[in-house]
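Engineer:
2 protein chains.
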Amino acid sequence: MKIAWIGTGIMGAPMCGHLMAGGHSATVFTRTRSKAQALLEAGATWADSPGAAAADADAVFTIVGYPADVEQVYFAADGILARAKSGAVLVDMTTSSPDLAERIAVAAEERGLGSVDAPVSGGDVGAREARLAIMCGGSEAAFNRVKPLLDLMGKTVELMGPAGAGQHTKMANQILIAGTMIGVVESLVYSEKAGLDLNHVIDVIGSGAAGSWSINNLGRRIAQGDFDPGFMVRHFVKDMGIALREAKRLGIALPGLALVEQFYEAAIAQGLADRGTHALFHVIRSMNGA
Amino acid sequence: MKIAWIGTGIMGAPMCGHLMAGGHSATVFTRTRSKAQALLEAGATWADSPGAAAADADAVFTIVGYPADVEQVYFAADGILARAKSGAVLVDMTTSSPDLAERIAVAAEERGLGSVDAPVSGGDVGAREARLAIMCGGSEAAFNRVKPLLDLMGKTVELMGPAGAGQHTKMANQILIAGTMIGVVESLVYSEKAGLDLNHVIDVIGSGAAGSWSINNLGRRIAQGDFDPGFMVRHFVKDMGIALREAKRLGIALPGLALVEQFYEAAIAQGLADRGTHALFHVIRSMNGA
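Structure, rendered in structure tokens:
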């Protein structure tokens, strides 16, 4: 199948690589051409704009930065919606707003195009190892056409509902992580202040009813003083911002998420934007004079 | 060994039973004598007060309700500290305040007694199946003397530090759960409002970086509309209250915990005190008009 791939960053590059390794021919565009170099050397064709990349593709994949970037690559005068050929399926894998996913779906349908919102979880490791969870929203017809391609990138590929449902599921994932993370860091700040050994605490509480991926992975890194990013604070703040705006659009209050988002804003204020999400520990710790 | 057991409720009765099954002779006291009936039929001796139960024991175990109850059974004129024989080890397994555990340790030492604070996690199922996690604080000498007895009740029996460290570790456990639970219920309230199938969402997000025991067990019960208690709201509120007071004593703010505790107070206001901790879902849901 002819595919277009827009956005070849730390996630997009290996994901596109899996499609090419699966026998699909790719035309790529990304803002910084050097980031597409490995794909071009592996046989991908370069295009000078998202629209130009999309023009001849059966399926168009995007994974860019912020919802504003998604809006630009889809809705610009020379964007994907203006240039994609009839019958193509548009797959946005950026973590972006459900609202925007619905608008892309409406615009795509008006032009005889299919669309799927398909954000992922699993990070750069999941992208490299083709073990992502891919949460999809769209029609069954559009989903079924790109499912074999998504299977080349992910371990779990699920249609969650109509357009926007993939993004909604990703938001549910991030809201869940936000609460879990405040629990992790407050628990460890308390433990430290109480004079406990953090690794010993995690040994004991990490395997029972208090257990989570976060305490057993990020909690361990906190105990070791390692704040290198798995997932960066700045990206998590972006996602929580989308979740809060979407909650507002849905007409619901999520006070736990709102509080946690504010502490992550403080993390950015402390210069921790490029540290891992577990750097929230520094915020609660420094707030308490440590 | 001759043991005394004070408090034969849903946790204490099976725990004492394991010690008796291990060949230890028990003298028991509990507020409501009928709750000791099975143990008495199995050969335990009844005593008319905590002090009377403790008088001839080598090890005295307590698991009662609130810190005020712990204070009473230890410090009353006819209490454990007044009556225990020299050399006995006092083991409080109630989830109680680290501060009180330290006071018991000081009073015990003055009287030539050993002491261990040893709260548990694992619930009534863990108590029945002798699979509790037992988090201990005290001297190594006192811990080592009761360790073979604790091993009859628990799967994980760990000395976390000096007197109070067991209770501190339990508080760390509950603080971690508090954050995780607000994440779980806000994530599911959002998902419901977004029109997603809750079980399908849990299938997808429960196994990755957002995963936790809480989402995979209590989240499932929420999705099924089952709010029967594993762990009751009223008991969790007790524990969070201890954690907040102890954080204040340590001189630290835990705003996530404070917020979650307030929502659990609202759960009680809504008549949910005897429902499971996942009934927090009703608070966030009803707050949002559903």
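Sequences listed follow chains A and B, in order.
Position 5 of the first sequence, counted from 1, bears residue number 113 in this note's numbering, the numbering being contiguous throughout.
Position 96 of the second sequence, counted from 1, bears residue number 204 in this note's numbering, the numbering being contiguous throughout.
Where is the CB? At the ideal position from N, CA and C, for every residue including glycine.
All values reported here derive from a predicted model rather than from experimental measurement.
1. Would you say residue 154(A) lies against chain B (beta-carbon separation less than 8 angstroms)?
2. Is the distance from the Cβ of residue 287(A) to the Cβ of residue 292(B) below 8 angstroms?
3. Rounded to whole angstroms, what is the Cα-Cα separation between residue 366(A) and residue 148(A)?
4. Determine which residues share a DSSP beta bridge with residue 225(A) and list them.
5. For residue 318(A), does the three-state DSSP call read helix, strand or coil?
6. Just the C-alpha distance for residue 182(B) and residue 325(A), rounded to the nearest angstrom, thanks.
7. Taking one C-beta from the region 266-279 of chain A and one from the region 207-224 of chain A each time, how about it: are there three or more such pairs within less than 8 angstroms?
8. Rounded to a whole number of angstroms, what is the C-alpha to C-alpha distance between residue 142(B) and residue 116(B)?
9. Going by other Cβ atoms of all chains shown within 10 Å of its Cβ, with 16 needed for buried, is residue 118(A) buried or exposed?
10. Compute the distance between the beta-carbons of residue 111(A) and residue 165(A), then report whether it is under 8 angstroms.
11. Answer with buried or exposed for residue 278(B), where buried requires no fewer than 16 other C-beta atoms within 10 angstroms of its C-beta.
12. What beta strand (DSSP E) runs, 3 residues minimum, are completely inside the region 133-181 of chain A?
13. Given that a residue counts as buried once 16 or more other Cβ atoms are within 10 Å of its Cβ, and exposed if not, what is residue 161(B)?
14. Indicate whether residue 241(A) and residue 228(A) have their beta-carbon atoms separated by less than 8 angstroms.
15. May I ask you to report which of helix, strand or coil DSSP gives residue 193(A)?
16. Let me check one thing: in DSSP terms, what residues is residue 340(B) bridge-paired to?
17. Below 8 angstroms, how does it come out for the region 297-308 of chain A and the region 297-308 of chain B: are there three or more Cβ pairs, yes or no?
18. In this structure, how does DSSP classify residue 238(B) when only helix, strand and coil are distinguished?
19. Please list the terminal residues of the continuous alpha helix (DSSP H) segment that includes residue 287(B).
20. Report yes if the C-beta of residue 149(A) is less than 7 angstroms from at least one heavy atom of the ligand ZN; otherwise report no.
21. Enumerate in chain order the residues of its own chain whose CB-to-CB distance from residue 347(B) is below 8 angstroms, with the five nearest sequence positions on each side excluded.
22. Near residue 174(B), which residues of its chain fall below 7 angstroms by C-beta distance, leaving aside the five closest residues on each side in sequence?
23. Whole angstroms is fine: what's the gap from residue 171(A)'s alpha carbon to residue 201(A)'s?
24. Does the Cβ-Cβ distance between residue 339(B) and residue 231(B) come in under 8 angstroms?
25. Using the Cβ count rule (16 or more neighbours within 10 Å means buried), how would you classify residue 336(A)?
26. Say whether chain A places a C-beta atom closer than 8 angstroms to the C-beta of residue 229(B).
27. Quick check on the DSSP output: the alpha helix (DSSP H) that includes residue 313(A) runs from which residue to which?
28. I need the boundaries of the beta strand (DSSP E) containing residue 220(A), first residue and last residue.
29. Could you check if residue 394(A) is buried or exposed, using at least 16 other CB atoms within 10 Å of its CB as the buried criterion?
30. For a contact meaning CB atoms closer than 8 angstroms, what does residue 292(B) contact in chain A?
31. Under three-state DSSP, which class holds residue 118(A)?
32. How many Å lie between residue 377(B) and residue 363(A) at the Cα?
Structural biologist: The structure says:
1. As a first step, residue 154(A) must be located in the first sequence, where it is residue number 46. It does not; no Cβ of chain B falls within 8 angstroms.
2. In the first sequence, residue 287(A) corresponds to position 179, counting from 1. In the second sequence, residue 292(B) corresponds to position 184, counting from 1. Yes, the pair counts as a contact, with Cβ atoms nearer than the cut-off.
3. Your numbering for residue 366(A) matches position 258 in the first sequence. Your numbering for residue 148(A) matches position 40 in the first sequence. Looking at the two C-alpha atoms, the distance is approximately 42 angstroms.
4. Residue 225(A) sits at position 117 when you count from the first residue of the first sequence. Answer is 200(A), 245(A), bridged to residue 225(A).
5. Walking along the first sequence from the start, residue 318(A) turns up at place 210. If DSSP states are grouped into helix, strand and coil, residue 318(A) belongs with coil.
6. Locating residue 182(B) in the second sequence gives position 74, where the first residue counts as 1. Locating residue 325(A) in the first sequence gives position 217, where the first residue counts as 1. C-alpha separation (whole angstroms): 40 angstroms.
7. yes
8. The sequence position of residue 142(B) within the second sequence is 34, counting from 1. The sequence position of residue 116(B) within the second sequence is 8, counting from 1. When rounded, the distance between both Cα atoms is 9 angstroms.
9. One-based indexing of the first sequence puts residue 118(A) at position 10. So residue 118(A) ends up on the exposed side.
10. Here the question's residue 111(A) lines up with position 3 in the first sequence. Here the question's residue 165(A) lines up with position 57 in the first sequence. It is a contact, given that the beta carbons lie within the stated cut-off.
11. Against the second sequence, residue 278(B) aligns to sequence position 170. The residue in question, residue 278(B), is buried, as its Cβ has 16 or more Cβ neighbours within 10 Å.
12. 133-137, 167-170
13. Numbered from its first residue, the second sequence carries residue 161(B) at position 53. Buried is the call here.
14. Within the first sequence, residue 241(A) is the residue found at index 133, counting from 1. Within the first sequence, residue 228(A) is the residue found at index 120, counting from 1. Closer than 8 angstroms, so yes.
15. Along the first sequence, one-based indexing puts residue 193(A) at 85. Correct three-state label for residue 193(A): coil.
16. In the second sequence, residue 340(B) corresponds to position 232, counting from 1. Beta-bridge pairing links residue 340(B) to 384(B).
17. no
18. Residue mapping note: residue 238(B) aligns to position 130 of the second sequence, counting from 1. The answer is coil: DSSP assigns residue 238(B) none of H, G, I, E or B.
19. Here residue 287(B) refers to the residue found at position 179 when the second sequence is read from its first residue. That run of the alpha helix (DSSP H) goes 273-301.
20. For the ligand ZN, the structure offers nothing, since it holds no ligand at all.
21. Numbered from its first residue, the second sequence carries residue 347(B) at position 239. If we look at residue 347(B) and ignore the five residues flanking it on each side, its Cβ neighbours are 203, 278, 279, 282.
22. Position 66 of the second sequence, counted from the first residue, corresponds to residue 174(B). 346.
23. Taking the first sequence and counting its residues from 1, the one referred to as residue 171(A) is at position 63. Taking the first sequence and counting its residues from 1, the one referred to as residue 201(A) is at position 93. Approximately 5 angstroms between the Cα atoms of the pair.
24. Your numbering for residue 339(B) matches position 231 in the second sequence. Your numbering for residue 231(B) matches position 123 in the second sequence. In this structure, residue 231(B) lies closer than 8 angstroms to residue 339(B) by Cβ.
25. Walking along the first sequence from the start, residue 336(A) turns up at place 228. Classification of residue 336(A): exposed, given that the 10 Å Cβ count is below 16.
26. Numbered from 1 along the second sequence, position 121 holds the residue referred to as residue 229(B). By this cut-off, residue 229(B) is an interface position.
27. Walking along the first sequence from the start, residue 313(A) turns up at place 205. Run containing residue 313(A): 306-313, per the alpha helix (DSSP H) assignment.
28. Position 112 of the first sequence holds residue 220(A). From DSSP, residue 220(A) is part of no beta strand (DSSP E); its letter is neither H nor E.
29. In the first sequence, counting from the first residue as 1, residue 394(A) sits at position 286. The residue is exposed, with fewer than 16 neighbouring Cβ atoms inside 10 Å.
30. For the purposes of this step, residue 292(B) is identified with residue 184 of the second sequence, where counting begins at 1. Correct list: 284, 287.
31. Taking the first sequence and counting its residues from 1, one reaches residue 118(A) at position 10. Residue 118(A) falls in the coil class under three-state DSSP.
32. Here residue 377(B) corresponds to residue number 269 of the second sequence, with the count starting at 1. Here residue 363(A) corresponds to residue number 255 of the first sequence, with the count starting at 1. Rounded to the nearest angstrom, the two C-alpha atoms are 18 angstroms apart.
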